[in-house]
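Working notes, structure below.
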Amino acid sequence: MKNANSVDKIVIAHRGASGYLPEHTLPAYAMAYALGADYIEPDLVMTADERLICLHDIHLESTTDVEQQFPDRARADGRWYAADFTLEEIQQLNVTERTNPDGRRVFPGRFKAEAKGFKVPTFVAMVELVQSLNRETGRDVGIYPETKDPVFHDSEGLPIERVLLDTLAEYGYAGRDAKVYIQSFGFENLREMREAMGSDLPMIQLIGGGEAFDDRVTPAGLDEIATYADGIGPDKNRIADTDGALVTLAHQRGLKVHPYTFRADQLPDGTRRLEDELRRYYFQYDVDGLFTDFTDIAVGVVHPERRVRLYPK
């Protein structure tokens, strides 16, 4: 039965329907849409010719065949950087399931076919896909872009924030009620977009689990975040470790709370089903939304009327 408190809670498709298809591909985004996501997340990095592409890392080798196609283009550290490739070059690559440095799959049970044809999409292509589906279905699914490693992009002279804001404006995302959240682990780049660039779009301050973020979850840290952001996206363990107290502190400051990442194939100790973990966060801890690789399961918890069941029981 649908919980009475679930009406306004959202499901954020983490890297698209990444539990089922290779992350950050147009098929993964389309599948997330069909599974009922409220928002779909594209991580963003920039190419050498200043194009925004959907990719979780500033490096290419963990989710593409760049090493095979461009064996001599690694930097001295042995990594292939998206910033060293043009969009035309990156679109030659095939996207694969995520692998570790030793070549093993990070999630062995996920999409197993060695199908070619999964490509790195541009942010523009992702936006146009979502907006086209919205027009066709009458739904109003939002987008949730993250600027990846803003310090790196700044050091490379790549204006990721400005290009992001310009692209959003071009596609009609404007004002406080726009169906978009801009997220970042960076503190200064969110401030820059809010204050120096004058954006009034909704923004979410991501909060990692490491010590570098500890001061951000204090009352004083949350007070500061509330001066430029609309919410926080904390590592989910920060909520569990405080038995939900972080959510209360954030809500007291008018901040939304969207923790990450919830996976059916990476459950915490003592939890048998993803549904149980999701209910705990949505209803016991009262988060406003969350990031999940398994959109269908989260939709089944908060919006059961539109659930499409895929993951095996």
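First residue of the sequence shown: 8, per my numbering; consecutive thereafter. All C-beta atoms in this analysis are idealised placements derived from N, C-alpha and C, irrespective of residue type, glycine included.
- Classified as buried, N196 has 16 or more neighbouring CB atoms from the shown chains inside 10 Å of its CB.
- When C-beta atoms of the region 301–308 are compared with those of the region 35–50, three or more pairs fall below 8 Å, so the two segments count as touching.
- T93 and M53 have their C-alpha atoms some 9 Å from each other.
- DSSP places F194 in the coil class of the three-state scheme, outside both helix and strand.
- Per DSSP, the beta-bridge partners of P241 are I214.
- When C-beta atoms of the region 22–29 are compared with those of the region 143–158, fewer than three pairs fall below 8 Å, so the two segments do not count as touching.
- Comparing alpha carbon positions, the residue from A233, A252 and C61 closest to E48 is C61.
- Of A247, V131, Q259 and G116, the smallest CA-CA separation from F290 is found for A247.
- Residues of the same chain with a CB within less than 7 Å of the CB of R245, apart from the 5 flanking positions on each side, are I214, G216, V224 and L253 in chain order.
- Of the residues F269, G261, D45 and G182, the one whose Cα lies closest to the Cα of P226 is G261.
- The alpha helix (DSSP H) runs of length 4 or more contained entirely in the region 108–184 are, from start to end of the chain, 130–144, 157–162 and 167–177.
- By the neighbour-count criterion, in which a residue is buried when 16 or more other Cβ atoms sit within 10 angstroms of its Cβ, A271 is buried.
- For H21, no pairing in a beta bridge is given by DSSP.
- Per DSSP, the beta-bridge partners of T71 are V102.
- E74 and T255 have their C-alpha atoms spaced approximately 46 Å apart.
- If you check the CB distance, Y88 and H66 come in under 8 Å.
- Taking C-alpha positions only, F125 is separated from K155 by approximately 21 Å.
- Excluding its 5 nearest sequence neighbours in each direction, T174 has C-beta neighbours in its own chain below 8 Å: L59, F130, V131 and V134, listed in chain order.
- Rounded to whole angstroms, R105 and Y267 show a C-alpha spacing of 18 Å.
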